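Everything below concerns the one structure shown next.
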Amino acid sequence: MVVGERPPSATKPAKVRICLDPSQTISKAILRPVYPIPTLEENLHRFYQAKIFSTFDIKDAFQTIKLTEESSKLTTMHTPWGRYRWTRLPFGISSAPEEFQRRIHDVLCGLEGVVNIADEATHDHDRTVIKLLDRLSHHHLKLNPDKVKLKTYSAPFMGHTLTPEGLKPSNEIVNAVLNMPQPHDKAATRRFLGTITYLSKFCPRHSGTSSPRSHPH
42 MVVGERPPSA TKPAKVRICL DPSQTISKAI LRPVYPIPTL EENLHRFYQA KIFSTFDIKD
102 AFQTIKLTEE SSKLTTMHTP WGRYRWTRLP FGISSAPEEF QRRIHDVLCG LEGVVNIADE
162 ATHDHDRTVI KLLDRLSHHH LKLNPDKVKL KTYSAPFMGH TLTPEGLKPS NEIVNAVLNM
222 PQPHDKAATR RFLGTITYLS KFCPRHSGTS SPRSHPH
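Numbered by the working numbering, the letters in the sequence shown go through residues 42 to 258 in order.
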């Protein structure tokens with residue numbers, strides 16, 4: 042168990058965060074559920090011809106999941122103030138990402154134009170947003186207000202940027218390529234070639250690239 046204090050900033054006060062490190066204990070015994078997280082290619086077709094985007098972020102995502110009495114006792118921590126245990130899923134549990142992904146898919150099931158953890162774009166934008174908010178409210182899920190962006194013409198999505206013209210590499214990816222050091226060994230050369238090959242689909246004049254658009258047809 043680690044107790045950390047974040048220093049105050051101009052916008053946020055100091056905050057104590059309780060962090061559980063079960064990597065050498067219960068995470069070794071957990072059988073992670075087989076629930077694959079959707080890939081970029083599996084989601085991209087849902088944004089075909091989308092012009093407006095809104096993004097949402099679930100507040101305290103893992104901690105929206107209640108633990109059973111038996112599971113809760115396995116998260117017991119020793120602290121200077123006594124022993125405590127988590128009653129909701131904490132960060133650090135090895136199965137947490139798959140478990141949250143499965144549950145959020147159940148929550149959003151049937152909502153057209155909503156992808157992954159509520160990254161959203163659709164022709165009937167406003168109606169879809171209202172349906173999404175109603176669904177989240179019904180399941181008592183809260184959003185991070187600072188991360189909500191409504192009706193934008195671009196949106197970050199799985200390390201890329203969605204635009205009305207199609208998928209584009211994010212600024213972080215572009216800067217990483219521009220500032221990539223010159224490779225001096227086989228491993229570095231392979232990393233460089235892999236990166237360039239992946240980004241070639243965004244380059245209309247790259248050999249083997251047929252179209253600058255990244256939306257599937």
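Glycine included, every Cβ here is placed at the ideal spot set by N, Cα and C.
Keep in mind the model is a prediction, meaning the values are calculated, not measured.
At the level of alpha carbons, what is the spacing between residue i and residue j?
i, j, result
"K190", "L152", "19 Å"
"K107", "R129", "4 Å"
"G207", "F198", "12 Å"
"F243", "L81", "15 Å"
"I67", "I134", "8 Å"
"L184", "N84", "22 Å"
"A261", "Y239", "Because the chain is modelled from 42 through 258, residue 261 falls outside the range shown and cannot be assessed."
"H181", "K100", "11 Å"
"D175", "K192", "18 Å"
"R254", "R73", "Legend: pLDDT at R254 = 46, less than 50; position of this residue unreliable, no value from coordinates given."
"R126", "Q65", "17 Å"
"D187", "A70", "37 Å"
"R144", "V170", "19 Å"
"T163", "K227", "In this prediction, T163 scores a pLDDT of 47, lower than 50, which makes its location untrustworthy; no coordinate-derived value is stated."
"L177", "V148", "7 Å"
"P79", "F88", "15 Å"
"H166", "H146", "20 Å"
"L61", "T105", "17 Å"
"W122", "D98", "33 Å"
"S113", "R232", "43 Å"
"H179", "P205", "31 Å"
"T109", "R124", "18 Å"
"P224", "T120", "48 Å"
Over what stretch of residues does the beta strand (DSSP E) that includes residue i continue unbroken?
i, result
"A196", "A196 to F198"
"T96", "F94 to T96"
State the CB to CB distance for the pair residue i and residue j, rounded to an integer number of angstroms; the pair is presumed to be in contact (CB under 8 Å).
i, j, result
"T116", "P131", "6 Å"
At which residues does the alpha helix (DSSP H) containing residue i begin and terminate?
i, result
"R143", "A137 to L149"
"K227", "K227 to L240"
"K190", "It is not in any alpha helix (DSSP H) - K190 instead sits in the beta strand (DSSP E) that spans K190 to T193."
"A70", "I67 to A70"
"V170", "H166 to H179"
"N84", "L81 to L85"
Mind checking who residue i pairs with in its DSSP beta bridge?
i, result
"G123", "T120"
"K209", "T202"
"K107", "R129"
"I99", "L184"
Looking only at C-alpha atoms, which of the options sits nearest to residue i?
i, options, result
"K209", "N220, P222 and S195", "S195"
"A102", "L61, S95, R124 and Q142", "Q142"
"A217", "T204, F94, G200 and D226", "G200"
"L219", "T120, E111 and T236", "T236"
"C150", "R168, K172 and R232", "K172"
"L203", "V75, D62 and K92", "K92"
"P77", "E140, S95, P121 and R87", "E140"
"I214", "P205, H225, S241 and P224", "S241"
"R168", "G123, W122 and F94", "F94"
"V75", "P63, S136 and R124", "S136"
"M118", "T109, P63 and H225", "P63"
Say whether chain C places a C-beta atom closer than 9 Å to the C-beta of residue i.
i, result
"D187", "Looking at the structure shown, chain C is missing, and only one protein chain is on hand."
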